[in-house]
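This report refers to the structure that appears directly beneath it.
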Amino acid sequence: MIKRWFSSFGKSRVGERIYDSGLLRALLRYLKPYKLLLVICVILLILTTIFSISLPYITRLAIDGYVVPPHVRVKFSGKDLLFEEAVKKEYAQNLLHLTDETYLVDLSKIRKEDRFLLEEGGYLSKERYFFLDPSGLEPSEREKTLRALSKYPEIFSEKDSSFFARADDLKKMEKEDIRIVREKDLQGIRFLVLVFILILILNFFSNLLYVYFLEYTGQKTMYQMRIDIFSHLLRLPLSFLQKNPVGRLVTRATNDVAAVNEMYTAVLVNGLKDIFLLAAILFVMFRMNVRLTLSILALTPLVVYISFIYRSKARDAYRVVRKKIAKLNAFSQESISSMRIIQLFSRQKENFEKFKKINRENYLAALRQLVLYSLFRPVIEIVSSAAIALLIWYGGKGVMSATFTFGALVAFLSYIQMFFSPIRDLADKYDIFQGAIAASENIFNLLGEKTERVGGKRLTHPKGRIEFQNVWFSYDDEWVLKDISFSVDPGQRVALVGHTGAGKTTITRLLFRFYEVGKGRILMDSVDIRELDTASLRSQMALVLQDIFLFSGNIEQNIRLENPNISEEEVRKSLEYVNAKFFVEKLPGGYKAKVQERGATFSQGQRQLLAFARALAFNPRILILDEATASIDSETEVLIQDALGKLLQGKTSLIVAHRLSTIKNADKIIVLHKGRVIEQGRHHELLKKKGHYSHLYRLQSKRFLST
C-alpha cells in the first residue's frame, strides 16, 4: 500500500519541484478511512457557517427594524407622473397620506431599486420618522401609550388614529415615556436578542463538535503516518540507513510529522471553515448591495497577487528550514552519542563551534522565513483597512441619502471584518501550510525509498551450508570484494582474517542480505539467498558484533527481544552458558535488572557476554562472530571460549577476528587481502605455507611477547 502511494516521491529530493496538489493528494489518502466523520464535519461546518453569518444579519434587523425608525416622508412633485403613479399603485398599502402629495412610508417595505430611484428623484426626506399605530396594542398598553402621547402634542401628529413624529424630536421626551411609546420596538429587540443568544449557543456546540471530530481525524491520521514511517524504517535496507544520519531520520518521524499534524489541525480545521465562511459572506453581501460588494472585491486581485508572491518565496524558505532542522538534529544526536570521545580528546570547544555554525545556519534560514511572514501580514492589514475605509465612504453616503440603511452599513462592516479576518490569518496558515508541504516532501521521499524485498522461499529444514560463488561487491564505484569463492559445510567453524578493509565484515553483511551482491551469488543450502524470504534467512543466523547495542528495558527483554518463543528458562540457560549468570544475579533485580540506553551501566566485557547470551537464546543454525572477542580481556575470553566450544557443536560458524590466537582451532581459515581470497586452510597448514597468514601470525606473536 505504502509503496503504491509514495513510490512517485522516492526519487525526489529537496530542491526539486513537487507540486502541492500531488503532495496534498498523498496526504488526503490518509483521510479515506474517516469518510463518515468528514461528512459529519462538513454538515457541522455548513451549520456553523450559517450561524456565523446570521449574527450580523440579526444585528441589521434590530437596527433597521427597531432601533432606527424606518419611516421617511415622500413628497411627489409631479415631475414624473408615470413613475409617481406607479409607486403609489405599487405601495398603496404602505403609504400613509399626510397632506396633498406628501406621504409617510416604511423604507424597509420599498424595494432597493425603487428606493434608489426615489432618492435620485429627490422624493425622499433626509429625516426619519417614528410611526405608531396604537390600535394593535392590548387595551391596557394602548391606554398607557395614548396617555404618554398626549403629553407631547407639539411632537406627535395624528392621522387616521396613527401617530408620527420626527425621530430627532423623541429626544425631548422623558425616558419613561420613550420606553412606553417604543415598547413594541423594545419587544422586537428582546426577541432578536434571544434569537441572537440561541444562535450563539448553537454555533458554539456545532463549532465544538466540528473542531473535535476534525482534530480527532487529524490525530488518527498522524498516528497512522508515524506507524507507516517507523514500519517503513524497519524494512529499509542497511545501505540506506548507513547513508542517512540518525538525527535526520528521527526528524522525519517527529518534527516533520508534527508539522503535517499542525497543517491538519490548523489549516484543515480552520481553512475549510474559512472557505465556507467566505463563500457565505460573499453571497449575503451581494444580496445586500452588489455595487458596494464589487467595489470592495476590486481589492481582491491585489491580495491574490501578494499571496502568490509570498507562496513561492515561502515554499523555498521552508524547504531550507526543514533541511537545516534535520541537519541540526543529526549533529546533536551524533554529538550526544559520541560525548565520551569528545570529552576524552577535549574537543568540547571545537564541537561547540561547529554546533554554533550549524545553529546559525538554522537561525538565518528561519529569519528569512520570518521576514517574509512579517512583510506579508501588514500588507494584508493595509488592504483590509482600505476596504473598511471604502465601505465607510460609500456606505455612509448611502445612509445619508437613504439608499442604504444604517443597519445594513453596520452588518456590512461586520461582514467585511469577517471576510478579511481569514485573509489576515492567511499568512499564519501559509506559514503552517508551507512548513507542512516541505515536511511532507521529506516524509514521502522517505516512504518512497525501496524496502527490502518481501517474500520468497522459506528454509524449513536448514542444514547450514554456505557457499560464495564468484562474488563481487562495491559500496560505491570501487570493488570491495573481487571474485570471492569459498564454502562452509554444515557444522564447520570457519574464520575470516585479513587487514582492516580486506572485506571480512562486508562478507557477513552480504550473507545477511543487508546489501545485494554486484556479481556472482551466495548460496544457502544450495539455494540463492536472493530467492529466499529475508526474514526466514536471517532467522537461521545470529550475529555478534564488537560494538554491542543494548536496548532500554531490562536484561531479560534484551535477551529475548520480545520473542515469545524464548522462555525465561532459556534466557537463564543462555546467560549461564556464557558465564554471565554470576554477574547478572548480583544486580538489583537480577534477570529483571534495568538496562539503560546502549547498556551504559555495564562494562564492555559484560555487554559482550549479554550479546552472546542473546545470540545463543535464539538457537541459530549459523553463528557469525564479527570480532566479537576483540575488546574482551583474556579472563573473560577464556569463559566465552569455553561456552562457545559447547554451543558451536554441530552449528555452522563464521568468525571474523583480528586476534589470530582465538581461531587456532577453526576447521578452515580464509585469508583476505584487498578484497580477494589469497589463502585457505587450517592453522598449521597455513603456517607451513609461510604466506600472508604466517606473516600476520608472527607479527601478532611478537607483539604479544613484547607486551
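Numbering follows full-length UniProt numbering, in which position 87 of the sequence shown is assigned residue number 87; successive positions increment by one, without gaps.
Every residue gets a Cβ at the ideal spot worked out from N, C-alpha and C, and that includes glycine.
Buried or exposed by the 16-neighbour rule on C-beta atoms within 10 Å, applied to residue i
i: valine 480; result: buried
i: glutamine 369; result: buried
i: glutamine 608; result: buried
i: glutamate 556; result: buried
i: arginine 190; result: exposed
i: valine 74; result: buried
i: lysine 688; result: exposed
i: histidine 232; result: buried
i: proline 153; result: exposed
i: methionine 339; result: exposed
i: glutamate 685; result: exposed
i: asparagine 665; result: exposed
i: serine 574; result: buried
i: asparagine 565; result: exposed
i: histidine 683; result: buried
i: phenylalanine 444; result: buried
i: aspartate 185; result: buried
i: alanine 408; result: buried
CA nearest to the CA of residue i, picked from the options
i: isoleucine 484; options: Phe286, Val671 and Leu268; result: Val671
i: threonine 300; options: Leu575, Ala386 and Pro378; result: Ala386
i: phenylalanine 164; options: Asp177, Lys172, Leu149 and Glu176; result: Leu149
i: leucine 61; options: Gln242, Gly589, Ala411 and Leu214; result: Ala411
i: proline 70; options: Glu85, Lys109 and Ser694; result: Lys109
i: leucine 96; options: Val72, Lys112 and Glu113; result: Val72
i: leucine 24; options: Asp489, Leu545, Ala438 and Phe473; result: Ala438
i: valine 250; options: Arg319, Val471, Leu198 and Ala330; result: Ala330
i: leucine 587; options: Glu576, Arg598 and Phe602; result: Phe602
i: alanine 92; options: Leu104, Leu81, Thr99 and Asp100; result: Leu104
i: isoleucine 507; options: Tyr57, Ile624 and Ala613; result: Ile624
i: threonine 102; options: Glu84, Arg115, Lys664 and Phe116; result: Glu84
i: glycine 464; options: Asp316, Leu523 and Thr500; result: Leu523
i: aspartate 316; options: Gly395, Gln606, Asn359 and Tyr430; result: Tyr430
i: methionine 418; options: Leu27, Val39, Ser54 and Val42; result: Ser54
i: leucine 328; options: Val67, Tyr475, Arg248 and Ala666; result: Arg248
i: aspartate 476; options: Ile443, Ser239 and Lys573; result: Ser239
i: leucine 364; options: Lys323, Ala657 and Gln604; result: Lys323
i: phenylalanine 156; options: Gly691, Lys144 and Lys172; result: Lys172
i: valine 379; options: Ile325, Val303, Thr451 and Glu452; result: Val303
i: tyrosine 515; options: Thr534, Gln224 and Tyr34; result: Thr534
i: glycine 590; options: Glu353, Arg572 and Gln604; result: Arg572
i: leucine 545; options: Leu654, Gly501, Asn554 and Leu409; result: Leu654
i: alanine 26; options: Ser440, Val517 and Asn207; result: Ser440
i: alanine 259; options: Thr293, Val87 and Met222; result: Met222
i: isoleucine 199; options: Leu390, Val677, Glu361 and Thr49; result: Thr49
Delimiting residues of the beta strand (DSSP E) encompassing residue i
i: glutamate 562; result: From DSSP, glutamate 562 is part of no beta strand (DSSP E); its letter is neither H nor E.
i: isoleucine 522; result: 519 to 524
Host alpha helix (DSSP H) of residue i (start-end)
i: glycine 271; result: 269 to 288
i: valine 383; result: 348 to 400
i: isoleucine 53; result: 35 to 62
i: arginine 248; result: 246 to 251
i: histidine 71; result: Not the alpha helix (DSSP H): histidine 71 falls in the beta strand (DSSP E), residues 71 to 75.
i: histidine 683; result: 683 to 689
i: valine 260; result: 257 to 262
i: valine 584; result: 581 to 585
i: lysine 88; result: 81 to 90
i: leucine 648; result: Where leucine 648 is concerned, there is no enclosing alpha helix (DSSP H), given that its DSSP letter is neither H nor E.
i: glutamine 608; result: 604 to 617
i: leucine 238; result: 238 to 243
i: leucine 511; result: 504 to 511
Residue i - partner residues in DSSP beta bridges
i: glycine 498; result: Leu672
i: histidine 97; result: Tyr103
i: leucine 481; result: Phe473
i: leucine 623; result: Ala542 and Ser653
i: serine 536; result: DSSP lists no partner for serine 536.
i: isoleucine 466; result: Val488 and Met524
i: glutamine 680; result: Ile670
i: valine 595; result: Gly553
i: lysine 457; result: Leu532
i: arginine 659; result: According to DSSP, arginine 659 bridges with nothing at all.
Any non-hydrogen atom of the ligand GDP within 7 Å of residue i CB
i: leucine 282; result: The ligand GDP is absent from the structure shown, which contains no ligands of any kind.
Continuous beta strand (DSSP E) assignments of at least 3 residues falling wholly in the stretch 99 to 146: Uninterrupted beta strand (DSSP E) stretches at least 3 residues long and entirely within the stretch 99 to 146 occur at 102 to 106 and 129 to 132, given in chain order.
Any chance you could list the alpha helix (DSSP H) runs of at least 4 consecutive residues sitting entirely within the stretch 148 to 191, in chain order? Within the stretch 148 to 191, the complete alpha helix (DSSP H) runs of at least 4 residues are 175 to 181.
Whole alpha helix (DSSP H) runs in the stretch 403 to 454 with 4 or more residues, listed along the chain? If we require 4 residues or more, the alpha helix (DSSP H) runs fully inside the stretch 403 to 454 come out as 406 to 424 and 426 to 447.
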